[in-house]
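The numbers in numbering that gives the first Met the number 0 rise by one with no breaks, and the one at position 84 of the sequence shown is 83.
Virtual Cβ for every residue (Gly too), placed ideally from N, Cα, C.
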Amino acid sequence: MPQEIDVDLTGWTEPEATRYALGRPWRRADGRAVATDGRALVVLDDGSAYAEPEGKVPDLTRDGFLDAIDRPPAEMQAMPEVDGPPECADAWWNQHEPCIECRGRGYCLHCQHECEECEGKGDLGTSWHAIKSTVVIDGLKIDRRYAWMASQFPGCRAAAIDFCQAKCLLFRFAGGGGLIMPMKDAGDE
0 MPQEIDVDLT GWTEPEATRY ALGRPWRRAD GRAVATDGRA LVVLDDGSAY
50 AEPEGKVPDL TRDGFLDAID RPPAEMQAMP EVDGPPECAD AWWNQHEPCI
100 ECRGRGYCLH CQHECEECEG KGDLGTSWHA IKSTVVIDGL KIDRRYAWMA
150 SQFPGCRAAA IDFCQAKCLL FRFAGGGGLI MPMKDAGDE
């Protein structure tokens with residue numbers, strides 16, 4: 000019987016995805032749950048809490064993702080402790096700060112025109128994509144958000160592996176595993 004994992008997989012998804020249905024975790028035909036945003040992937044052995052996908056999803060068997068996760072290297076290190084999300088951040092680490100000028104409404108309180116300060120969003124938040132905070136794990140520069148989310152799984156261990164003609168971070172935990180693509184420096188190929 001697969002171990003039940005009580006972890007929110009929302010942060011591993013990509014609600015804005017257009018090519019595949021990656022906006023929420025899904026259950027595969029083999030009963031496992033999958034969540035991915037195209038840069039990182041997590042697979043839970045017990046997917047009973049998740050629905051089948053609505054729309055096209057990546058073929059994880061054909062592309063070798065499941066083989067990589069199911070056959071981890073013998074030598075793996077404990078996933079290091081990583082600082083968690085910033086205060087007032089959502090599941091994707093986007094920080095939300097209401098605009099002071101319009102009090103979060105998105106329009107001028109006096110003339111009802113779009114607020115120039117926040118460009119009508121009502122929010123002065125920062126996207127996690129703009130933060131680019133990283134941590135080095137087994138020689139790979141990993142986005143801090145993914146490293147922190149992986150570290151929340153029980154007994155999580157990690158190792159750099161060769162995958163699809165590149166290095167990536169494989170992680171395993173009691174009840175599943177995943178892959179994280181490393182960050183590249185400007186000018187890296």
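When DSSP labels each residue in this structure, what does ALA73 get in the three-state scheme? coil
Between the beta-carbon of ALA39 and the beta-carbon of TYR145, is there less than 7 Å? Closer than 7 Å, so yes.
Leaving out five residues on either side along the sequence, give the residues of the same chain with a beta carbon under 7 Å from the beta carbon of ALA50. TRP25, ARG26
DSSP state of TYR106 mapped onto helix, strand, coil: strand
May I have the straight-line CA-CA distance separating GLY103 from PHE64, to the nearest angstrom? Rounded to whole angstroms, GLY103 to PHE64 spans 42 Å at the Cα level.
Evaluate the contact criterion for the stretch 132–146 versus the stretch 161–181: three or more CB pairs, one atom per stretch, below 8 Å. The answer is yes - the stretch 161–181 touches the stretch 132–146, with three or more Cβ pairs under 8 Å.
Cβ pair ARG156, ALA77 closer than 7 Å: The Cβ atoms of ARG156 and ALA77 sit closer than 7 Å to each other.
Please name the residue in GLU53, GLY30, GLY37 whose C-alpha comes closest to that of ASP44. GLY30
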